[in-house]
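Read the structure below first, then the notes.
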Amino acid sequence: MIAILLTLLAALALEIVPLPGAVEFARPEWMALVLIYWAMALPHRVGVVIAWLAGLLTDAATGSLLGLHALSLMLVVGIILLLHRRLRVLPLAQQAMLLVIFLSLDRLLSFWIRGAAGQPPELGVYLLPVATSIVVWPLIFLGLRHVRRRFDIR
Amino acid sequence: MNLSFRQGPYTLVKLLLLVLLSLGLLVADHRFRAMEPVRAALGTIVAPIQYVVTLPGQLFGLTSETFKSHTTLLEENQALREKQLRQEARLQRLWTLEQENARLRSLLDASRQVEEQVRVAEIVGVDLDPFRQKVVINRGEPDATFVGQPVIDARGVIGQVVHVGPFASEVMLISDPSHSVPVRVARNGLRSVAFGNGKTDQLDLRFIPNSADIRAGDIIVTSGLGGRFPPDYPVAVVTRFEPRPGRPFAAVSASPLAELNHVQEVLLVWRDRESPAAPETAAPAEPPG
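Protein chains in written order, with the working numbering: chain F, 496 to 649; chain W, 41 to 329.
Laid out in structure tokens, this is it:
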């Protein structure tokens with residue numbers, strides 16, 4: 496469990512690591528990817544409550560509205576929990592393709608909340624992280640699987 | 041191994057409760073700004089992570105400073121010396137002007153301006169939400185930082201403190217879409233409000249009539265109305281004035297004087313009555329002689 500929490504903290508750190516200029520807008524959704532992996536691999540360990548708390552910390556760290564990341568991450572993890580048995584056995588490429596849907600959902604939900612709060616960003620730019628997230632997904636998957644096997648987390 | 045297929049029986053209930061809780065949080069944070077204590081508590085948890093994230097950048101700065109060549113340092117030193125000399129000369133004149141101003145004000149029986157006190161804060165190298173215009177500074181509660189505190193840099197107004205944490209605070213820049221500063225044109229005192237629009241190089245000046253005397257190149261300064269920003273700090277320079285016949289107000293934009301994009305050090309401003317215990321003072325030193 497400690498190893499899982501450490502990976503979540505690492506994801507939180509990656510969320511606020513300074514990136515140069517416009518690259519900032521393409522920052523992969525580290526927290527979402529790590530949560531999705533754990534929810535898929537160990538659904539009895541990482542569920543909606545942990546996703547919600549992790550989202551809340553992300554909100555606090557990035558200075559966004561409290562509840563923005565919490566709500567969207569929690570719902571995505573909820574969907575993953577429903578589908579984890581099917582997702583788990585798919586090859587990496589197919590997983591990544593399905594992730595496009597889940598991550599877009601996550602982004603669209605927070606886009607909608609931002610719009611409701613009176614600060615709608617540009618939708619095209621706002622969906623950019625979905626693309627970069629898909630690119631790093633194999634790394635996250637293989638890396639975290641290694642962590643899971645190495646530390647024998649069940 | 042059969043564990044891995046077990047799922048909590050109350051997942052759906054938990055999910056619904058958390059959705060309601062999130063919506064409550066969002067509304068409380070956005071509408072009523074009632075989440076300050078929660079944010080402060082979460083900030084304490086997040087602070088060590090922010091610290092770790094800034095370490096590589098700090099190390100890099102440290103090493104590049106250590107290994108700077110002797111001549112570069114000498115040159116830099118020379119340049120700074122010259123700059124200080126120039127500024128001291130200007131400060132002497134400023135002191136005289138300030139005295140004169142105080143005398144004239146007392147003749148007019150107007151209340152004397154309060155002197156502000158400032159303290160240097162550094163921008164912490166942490167990326168916030170890229171769709172909001174905010175930065176983190178390394179001053180928190182122990183430094184008597186408070187919500188609503190004005191933040192400036194050497195050129196002009198940066199923004200104001202919106203959250204105070206135990207070790208760090210968040211500053212909303214004047215370019216944030218939800219930020220506005222009451223301003224006036226330095227040349228003739230024409231009042232307006234400078235709204236941020238999400239771009240770091242542009243502010244919108246609203247409520248300026250089509251017939252107003254304002255042109256590109258005018259400096260706008262804080263007016264002090266609203267009581268949050270002290271008066272007469274430079275904010276921006278007017279870049280475009282476009283009368284719109286048929287509309288009540290003209291379209292005026294300005295570009296901020298402060299370097300919102302790549303500012304490293306900022307100044308926190310205290311008025312007299314709310315000053316911290318022992319701040320560096322902003323009042324000019326006694327003139328020599």
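Glycine included, C-beta positions come from ideal geometry on N, C-alpha and C.
Fair warning: this is a prediction, and the values are worked out from it, not measured in the lab.
Q.
Assuming contact is defined by CB atoms lying nearer than 7 Å, are V306 (chain W) and G196 (chain W) in contact in what I supplied?
A. For the purposes of this step, residue 306 (chain W) is taken as residue 266 along the second sequence, with counting starting at 1. For the purposes of this step, residue 196 (chain W) is taken as residue 156 along the second sequence, with counting starting at 1. Taking 7 Å as the Cβ cut-off, V306 (chain W) and G196 (chain W) do not qualify as a contacting pair.
Q. Excluding five sequence neighbours on each side, which residues of the same chain lie with their C-beta closer than 8 Å to the C-beta of N237 (chain W)?
A. Residue mapping note: residue 237 (chain W) aligns to position 197 of the second sequence, counting from 1. Here the set comprises S215, P217, L243, D244.
Q: Assign S232 (chain W) to one of three DSSP states: helix, strand, or coil.
A: As a first step, residue 232 (chain W) is located in the second sequence; it is residue number 192 there, counting from the start. Looking at S232 (chain W) - three-state DSSP - the assignment turns out to be strand.
Q: Report the partner residues of V176 (chain W) according to the DSSP bridge assignment.
A: Residue 176 (chain W) sits at position 136 when you count from the first residue of the second sequence. BP columns for V176 (chain W) point to W:E210.
Q. In chain F, which residues lie with their C-beta within 7 Å of the C-beta of R73 (chain W)?
A. Numbered from 1 along the second sequence, position 33 holds the residue referred to as residue 73 (chain W). Chain order gives no chain F residues near R73 (chain W), where near means a beta carbon separation below 7 Å; the closest approach is about 11 Å.
Q | Exposure label - L618 (chain F); buried when at least 16 CB within 10 Å | A | For the purposes of this step, residue 618 (chain F) is identified with residue 123 of the first sequence, where counting begins at 1. Under the 10 Å beta carbon count, L618 (chain F) is surrounded by fewer than 16 other beta carbons and is classified as exposed.
Q | Buried/exposed call for A517 (chain F), threshold 16 Cβ in 10 Å | A | The sequence position of residue 517 (chain F) within the first sequence is 22, counting from 1. Exposed, since its Cβ has fewer than 16 Cβ neighbours within 10 Å.
Q | For G199 (chain W), the residue or residues it bridges with in DSSP | A | For the purposes of this step, residue 199 (chain W) is identified with residue 159 of the second sequence, where counting begins at 1. Beta-bridge pairing links G199 (chain W) to W:V191, W:L213.
Q: Rounded to whole angstroms, what's the CA-CA distance from A208 (chain W) to N178 (chain W)? Just pull it up for me.
A: On the second sequence, position 168 is the one that residue 208 (chain W) refers to. On the second sequence, position 138 is the one that residue 178 (chain W) refers to. Straight-line Cα distance between these residues: approximately 5 Å.
Q | alpha helix (DSSP H) runs contained entirely in the region 542-626 of chain F, provided each spans 4 or more residues | A | Runs found: 543-557, 563-583, 587-611, 618-621.
Q | Assigned secondary structure, E162 (chain W) (DSSP; H/G/I helix, E/B strand, else coil) | A | As a first step, residue 162 (chain W) must be located in the second sequence, where it is residue number 122. In this structure, E162 (chain W) counts as strand in the three-state DSSP scheme.
Q. Between I163 (chain W) and chain F, is there a C-beta pair that is closer than 7 Å?
A. Here residue 163 (chain W) is taken as the residue at index 123 of the second sequence, counted from 1. False, the Cβ-Cβ gap to chain F never drops below 7 Å.
Q) In whole angstroms, what separates the C-alpha of V261 (chain W) from that of L131 (chain W)? A) Mapped onto the second sequence, residue 261 (chain W) falls at position 221. Mapped onto the second sequence, residue 131 (chain W) falls at position 91. Whole-angstrom Cα-Cα distance: 20 Å.
Q. Could one say the Cβ of I511 (chain F) lies closer than 7 Å to chain W's Cβ atoms, at least one of them?
A. Position 16 of the first sequence, counting from 1, holds the residue named residue 511 (chain F). Answer yes: the Cβ-Cβ gap between I511 (chain F) and chain W drops below 7 Å somewhere.
Q) Can you give the Cα-Cα distance for R645 (chain F) and V164 (chain W), rounded to whole angstroms? A) Counting from 1 along the first sequence, the entry for residue 645 (chain F) is found at position 150. Counting from 1 along the second sequence, the entry for residue 164 (chain W) is found at position 124. Cα-Cα distance, rounded: 35 Å.
Q.
Let me see if you follow: with CB-CB separation under 7 Å, is L56 (chain W) close to chain F or not?
A. Taking the second sequence and counting its residues from 1, the one referred to as residue 56 (chain W) is at position 16. By this cut-off, L56 (chain W) is not an interface position.
Q: Measure the C-alpha to C-alpha separation of A626 (chain F) and M212 (chain W) and round it to an integer number of angstroms.
A: Mapped onto the first sequence, residue 626 (chain F) falls at position 131. Mapped onto the second sequence, residue 212 (chain W) falls at position 172. Near 29 Å, if we compare the C-alpha coordinates of M212 (chain W) and A626 (chain F).
**Q.** Given 8 Å, three or more beta-carbon pairs between the region 222-234 of chain W and the region 183-193 of chain W
**A.** Counting C-beta pairs with one atom in each stretch, the region 222-234 of chain W and the region 183-193 of chain W have fewer than three that are closer than 8 Å, which means they do not touch.
Q. By the criterion of Cβ-Cβ separation under 9 Å, what are the contact partners of Q614 (chain F) in chain W?
A. By 1-based counting over the first sequence, the position of residue 614 (chain F) is 119. Neighbours of Q614 (chain F) on chain W, chain order: F171, R172, D216, P217, S218, G238.
Q. So what does V221 (chain W) bridge to, in DSSP terms?
A. On the second sequence, residue 221 (chain W) is found 181 positions in, with the first residue counted as 1. Listed as beta-bridge partners of V221 (chain W) by DSSP are W:A234.
Q: Mind listing, in chain order, the continuous beta strand (DSSP E) runs of no fewer than 3 residues lying wholly within the region 113-154 of chain W?
A: none
Q | Anticipated Cβ contact below 8 Å, A90 (chain W) with A556 (chain F), distance rounded | A | Taking the second sequence and counting its residues from 1, the one referred to as residue 90 (chain W) is at position 50. Taking the first sequence and counting its residues from 1, the one referred to as residue 556 (chain F) is at position 61. Correcting the residue type first, residue 90 (chain W) is Gln in the shown sequence and not Ala. Rounded, the Cβ-Cβ distance is 7 Å, consistent with contact.
(Q) I'd like to check one pair, V187 (chain W) with V175 (chain W): are the Cβ atoms closer than 7 Å? (A) Mapped onto the second sequence, residue 175 (chain W) falls at position 135. Mapped onto the second sequence, residue 187 (chain W) falls at position 147. For V175 (chain W) and V187 (chain W), no; Cβs fall outside 7 Å.
Q: Could you check what DSSP says for S104 (chain W) in three-state terms: helix, strand or coil?
A: Position 64 of the second sequence holds residue 104 (chain W). In the structure shown, S104 (chain W) sits in a helix (DSSP, three-state: H, G or I).
Q: Give every residue of the same chain whose Cβ lies closer than 7 Å to the Cβ of P285 (chain W), excluding the five residues on either side of it in the sequence, and list them in chain order.
A: Taking the first residue of the second sequence as 1, we reach residue 285 (chain W) at position 245. Here P285 (chain W) has N250 as same chain residues with Cβ atoms under 7 Å from its own Cβ, once five neighbours each way along the sequence are excluded.
Q) CB-CB under 7 Å to A506 (chain F), same chain, minus the five flanking residues each way: which ones, in chain order? A) Start at 1 with the first residue of the first sequence, and residue 506 (chain F) comes out as number 11. If we look at A506 (chain F) and ignore the five residues flanking it on each side, its Cβ neighbours are W525, M526, V529.
Q) Within the 7 Å Cβ cut-off, does H110 (chain W) reach chain F? A) Here residue 110 (chain W) corresponds to residue number 70 of the second sequence, with the count starting at 1. Not an interface residue.
Q. Which residues in chain F sit within 7 Å of L147 (chain W), going by Cβ to Cβ distance?
A. The residue you call residue 147 (chain W) lines up with position 107 of the second sequence. Under the 7 Å cutoff, chain F gives no residues; its nearest Cβ is about 48 Å from L147 (chain W).
Q: Under 9 Å between beta-carbons, which chain W residues line up against S559 (chain F)? List them in chain order, please.
A: Taking the first sequence and counting its residues from 1, one reaches residue 559 (chain F) at position 64. Correct list: L168, D169, F171, R172.
Q: Please confirm if G447 (chain F) has its CB atom under 7 Å from at least one CB of chain W.
A: Nothing can be reported for residue 447 (chain F): it is not among the residues displayed for chain F, which extend from 496 to 649.
**Q.** Beta-carbon neighbours of D69 (chain W), restricted to chain F and to distances below 8 Å
**A.** If you number the second sequence from 1, residue 69 (chain W) lands on position 29. Within chain F, the residues near D69 (chain W) are L560, L561, G562.
Q: Taking the CB atoms as reference points, tell me whether S263 (chain W) and T279 (chain W) lie closer together than 7 Å.
A: For the purposes of this step, residue 263 (chain W) is taken as residue 223 along the second sequence, with counting starting at 1. For the purposes of this step, residue 279 (chain W) is taken as residue 239 along the second sequence, with counting starting at 1. Cβ distance not < 7 Å, so S263 (chain W) and T279 (chain W) don't count as in contact.
Q) If you draw a straight line from the alpha carbon of L603 (chain F) to that of D647 (chain F), how long is it in whole angstroms? A) For the purposes of this step, residue 603 (chain F) is taken as residue 108 along the first sequence, with counting starting at 1. For the purposes of this step, residue 647 (chain F) is taken as residue 152 along the first sequence, with counting starting at 1. Whole-angstrom Cα-Cα distance: 36 Å.
Q | Under 7 Å between C-beta atoms of R246 (chain W) and V233 (chain W) | A | Counted from its first residue, the second sequence places residue 246 (chain W) at position 206. Counted from its first residue, the second sequence places residue 233 (chain W) at position 193. Contact flag set, yes.
Q: Please report how far the alpha carbon of L570 (chain F) lies from the alpha carbon of H203 (chain W), in whole angstroms.
A: As a first step, residue 570 (chain F) must be located in the first sequence, where it is residue number 75. As a first step, residue 203 (chain W) must be located in the second sequence, where it is residue number 163. Distance between the alpha carbons of L570 (chain F) and H203 (chain W): 28 Å.
Q.
Less than 7 Å between the C-beta atoms of H579 (chain F) and P624 (chain F), yes or no?
A. Within the first sequence, the letter at position 84 stands for residue 579 (chain F). Within the first sequence, the letter at position 129 stands for residue 624 (chain F). No, they are not a contact pair.
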